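Using our numbering, the letters of the sequence shown map in sequence onto residues 64 to 304. Okay, structure first, notes after.
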Amino acid sequence: MPTYEEEYNSLIESTKQYLMQQADLFGNIIYTEEQKQAAPQGLKFSSVYPDEAWTRSASLDEQNGQICNCLKCGLGQTRTNFVFGVGNPNADVMFIGEAPGADEDAQGIPFVGRAGQLLTKIIEAVQMKRDDVYICNILKCRPPNNRDPEPAEMETCTPYLYKQIEIIKPKFIICLGRISAQWILKTNSSLGGMRGKVHDFHGIKLIVTYHPAALLRNPNWKYDTWEDMKMFKRLYDEMKA
Ligand code: URA
Numbered sequence: 064m065p066t067y068e069e070e071y072n073s074l075i076e077s078t079k080q081y082l083m084q085q086a087d088l089f090g091n092i093i094y095t096e097e098q099k100q101a102a103p104q105g106l107k108f109s110s111v112y113p114d115e116a117w118t119r120s121a122s123l124d125e126q127n128g129q130i131c132n133c134l135k136c137g138l139g140q141t142r143t144n145f146v147f148g149v150g151n152p153n154a155d156v157m158f159i160g161e162a163p164g165a166d167e168d169a170q171g172i173p174f175v176g177r178a179g180q181l182l183t184k185i186i187e188a189v190q191m192k193r194d195d196v197y198i199c200n201i202l203k204c205r206p207p208n209n210r211d212p213e214p215a216e217m218e219t220c221t222p223y224l225y226k227q228i229e230i231i232k233p234k235f236i237i238c239l240g241r242i243s244a245q246w247i248l249k250t251n252s253s254l255g256g257m258r259g260k261v262h263d264f265h266g267i268k269l270i271v272t273y274h275p276a277a278l279l280r281n282p283n284w285k286y287d288t289w290e291d292m293k294m295f296k297r298l299y300d301e302m303k304a
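The following block contains the structure:
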């Protein structure tokens, strides 16, 4: 039984998270749910963009071309390659990981190392091809020694991700791992608390599952990942029916 103080703190924390997510998307104006529904799709993300040329990109290639020399955070100094994203620019499904690792940094393509090969198998397990979907990360540059992304780095890089989402207009987002999911959903919930349900990310169905690198370390979690992917596939097939 939580104490009164625990309940109070949890309420404050969830209100703070909600307001931060709204501020990310709408700036410092609080819209009613009706106003948000009535707003044109583009407004939702455009308020978080700085006034820079890349924000007006009409395609992923154009966006990548405009931002691939980014030096907005320290990772620009240590990366080998900027890792923008890969896949179908009209994908219904977007997989979002955390940050490039060594293989991805070397090749400039997300999820090409061992974890990436497992991700490809996970996608194929639901009768899709890697080329059907779009794959990217919160961070576009590798953190040295694969350390966790820092909040300031994610803050800086997130407008790039939002612009990718705006161009692709996926119907589903699948967040790979705790860090990606917590950041996008603006929550401190555990992975267990975020899995097994369908979240709404501004009209896009968002599902959370294990990061494939975690599955390489803990193969026992593959069963739960399969459950998550079956839930996704059921919703996807319903949407296509
Ligand atoms: N882990 C990630 O989160 N992303 C990659 O691209 C590779 C490994």
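All residues carry an ideal CB built from backbone N, CA and C; glycine is no exception. All values derive from a computational prediction rather than experimental measurement.
CA-to-CA, the gap between Asn-72 and Phe-295 works out to about 33 Å. Where Thr-118 is concerned, there is no enclosing alpha helix (DSSP H), because DSSP gives it neither an H nor an E.
Just measuring C-alpha positions, the residue of Ile-75, Thr-221, Glu-229 sitting nearest Gly-160 is Thr-221. Separation of Ala-304 and Ser-122 (C-alpha to C-alpha, rounded to the nearest whole angstrom) is 28 Å. Relative to Asp-291, the option among Tyr-81, Ile-172, Phe-145, Leu-269 whose CA is nearest is Leu-269. For Gly-179, no beta strand (DSSP E) run applies; the uninterrupted alpha helix (DSSP H) run containing it begins and ends at 177 to 188, by DSSP. Minimum Cα-Cα distance from Thr-250 among the listed residues Ser-77, Glu-68, Glu-69, Ala-188 corresponds to Ser-77. Fewer than three beta-carbon pairs drawn from the stretch 200 to 210 and the stretch 175 to 192 are found closer than 8 Å, and the two stretches are therefore not classed as touching. Asn-200 sits in a strand when the DSSP states are folded into three classes. Going down the chain, each residue whose beta-carbon is closer than 5 Å to a heavy atom of the ligand URA shows up: Gly-160, Glu-161, Pro-163, Gly-164, Glu-167, Pro-173, Phe-174, Ala-178, Asn-200. Between Leu-202 and Pro-212, the CB-CB gap stays under 8 Å. Two segments are said to touch when three or more pairs of C-beta atoms, one from each, lie closer than 8 Å; by this definition the stretch 239 to 255 touches the stretch 160 to 176. The stretch 120 to 140 makes no contact with the stretch 255 to 262; the number of CB pairs closer than 8 Å stays below 3.
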